[in-house]
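Novice: Each residue of the sequence shown is one higher than the one before, counting from 198 in our numbering.
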Amino acid sequence: MSHTTPCWRTLRRFASTLHFAVFSTIFLIASPSHSQSASTVKPQIAVLNLEGRGISENEAATLSDRLRNELVKTEAFVVVDREYMDKTLAEQGFQMTGCTLQQCAVEAGQILNVRKIVIGLIGKVGGTYAINIHMIDVASGQMEHSVKQDHRGRIDGLLPVLEKLAVKMAEKAAGHSKADGRARLKHQLKIHSSPSGAEVLINGKVMGTTPLSGNVPHASKLKIVIRREGYAEWQQSLTMENDSQLNAELAPLKAGSSKTWLWVAGGVGAAAIGTTAYVLLSGRESNGGNNESLPAFPWPPK
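(1) Is residue 312 helix, strand or coil by DSSP?
(2) In three-state DSSP terms, what is residue 503?
(3) Can you tell me whether DSSP reads residue 366 as helix, strand or coil?
(4) Which residue comes first and which comes last in the alpha helix (DSSP H) that contains residue 267?
(5) So, under 8 Å CB-CB, residue 441 and residue 384 are touching, yes? Tell me the CB distance rounded to an integer number of Å.
(6) What residue range does the beta strand (DSSP E) around residue 352 cover?
(7) Which residue from 434, 298, 274, 271 puts its Cα closest to that of residue 246?
(8) In angstroms, rounded to a whole number, what distance separates the CA positions of residue 282 and residue 343?
(9) Between the beta-carbon of residue 413 and the beta-carbon of residue 496, is there less than 8 Å?
(10) Please go through the segment 375-414 and give each complete alpha helix (DSSP H) segment of 4 or more residues, from N-terminal end onward.
(11) Tell me, which residues are paired with residue 300 by DSSP?
(12) Since residue 434 is in the beta strand (DSSP E), which residue starts that stretch and which ends it?
(13) Just tell me which of 303, 312, 307, 347 has its CA closest to the CA of residue 503.
(14) Give me the Cα-Cα distance between residue 378 and residue 403, rounded to the nearest whole angstrom.
(15) Take residue 500 and list the residues in its own chain whose beta-carbon comes closer than 6 Å to its own, dropping the five residues that flank it on each side.
(16) Can residue 333 and residue 308 be called in contact, C-beta distance under 8 Å?
(17) Quick one: what's got a C-beta closer than 8 Å to residue 218's C-beta in the same chain, skipping five residues either side?
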């Protein structure tokens, strides 16, 4: 910690806290949500940079930023901006030395005037990364929630892991079930077909023609049907866990035939009806594939 005179340090902390409180009050009054009951107000939290062991400082900082973004996406918290946090802590001469991580976290939370503060560790052992994240109540100094997960593979595989951990943290903080917590998240679904211009039905509702895209709540269960005159009907059942892209290669029908093609995990399907065997190649790409702009379908289906 800094060796600043305790009295002067206390005064500076009080001034910083007062400044933050005034700013927060003005923001809340100006916000449309100010009229909501106190029980619906999202807790203000700050996320300290994750401690890295076996990874570089830049990698730890990048993963810390991703965790902040994922916590924002849960819509369960008001997350303090990293630049504001760094500036405020620097003005107070705050340093993460001379105290335990939990003690330092509480002091940082007091300076930032937040209710909760998030700390964590990313360690590497061999080819496995271990992530541990904790939420601490600033007023009591107690560790309220903890989430953890191991990941074996490349370091960029930690990005989706952090998304899952942020959702788990939001679930615990809100006291909701796993399904309720994740329901706040949405994933982008892109649908293509060859040939294009095929009608798309999701859960029995017509959504438009290919190509198109839309944002669908996490864990939604979808039955997708793609059909076009002169081609076999294409079907797939899908549970939304990540951004996804579907690519349907529609098979031409022979004269007088009528077949439905089913997508099978692994990307290869076969006709379930009829005597002629065709192979339907289709695909699903995680993370939405390319970034082209597609016509949007509404959600939920009307």
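A virtual CB, placed ideally from N, CA and C, is assigned to each residue, including glycine.
Bear in mind the structure is a predicted one, so any value in this text is a computation, not a measurement.
Specialist: With the given structure in hand:
(1) Walking along the sequence shown from the start, residue 312 turns up at place 115. Reduced to three states, the DSSP call for residue 312 is coil.
(2) Any answer about residue 503 is impossible in this case: the structure gives the chain only from 198 up to 499.
(3) Sequence index remark: in the sequence shown, residue 366 carries index 169 (1-based). DSSP places residue 366 in helix when its eight states are reduced to three.
(4) Within the sequence shown, numbered from 1, the residue matching residue 267 stands at position 70. Its alpha helix (DSSP H) spans residues 254-270.
(5) Start at 1 with the first residue of the sequence shown, and residue 441 comes out as number 244. Start at 1 with the first residue of the sequence shown, and residue 384 comes out as number 187. That pair is a contact at about 7 Å.
(6) One-based indexing of the sequence shown puts residue 352 at position 155. Neither: residue 352 is in no beta strand (DSSP E) and is coded neither H nor E.
(7) Within the sequence shown, the letter at position 49 stands for residue 246. Answer by Cα proximity: 298.
(8) Counting from 1 along the sequence shown, the entry for residue 282 is found at position 85. Counting from 1 along the sequence shown, the entry for residue 343 is found at position 146. Cα-Cα distance, rounded: 22 Å.
(9) Position 216 of the sequence shown holds residue 413. Position 299 of the sequence shown holds residue 496. In contact: residue 413 and residue 496 (Cβ atoms closer than 8 Å).
(10) The alpha helix (DSSP H) runs of length 4 or more contained entirely in the segment 375-414 are, from start to end of the chain, 375-379.
(11) Numbered from its first residue, the sequence shown carries residue 300 at position 103. Answer is none; residue 300 lacks a bridge partner.
(12) Looking up residue 434 in the sequence shown gives position 237. Segment 430-436, the beta strand (DSSP E) holding residue 434.
(13) Only positions 198 to 499 of the chain appear in this structure, which leaves residue 503 out of reach.
(14) Within the sequence shown, numbered from 1, the residue matching residue 378 stands at position 181. Within the sequence shown, numbered from 1, the residue matching residue 403 stands at position 206. Interpretation of residue 378 is limited by its pLDDT of 47, a score under 50 that renders its predicted location unreliable; the figure taken from the coordinates is listed afterwards. For residue 378 and residue 403, the distance between alpha carbons rounds to 29 Å.
(15) In the structure as shown, the chain begins at 198 and stops at 499. Residue 500 is therefore absent and cannot be evaluated.
(16) What you label residue 333 is simply residue 136 of the sequence shown in a count that begins at 1. What you label residue 308 is simply residue 111 of the sequence shown in a count that begins at 1. Their beta carbons are not under 8 Å apart, which means residue 333 does not touch residue 308 by this criterion.
(17) Taking the sequence shown and counting its residues from 1, the one referred to as residue 218 is at position 21. Low confidence applies here, because residue 218 scores a pLDDT of 48, under 50, leaving its location unreliable; read the following figure in that light. Once the five neighbours on either side are set aside, the close Cβ partners of residue 218 are 310.
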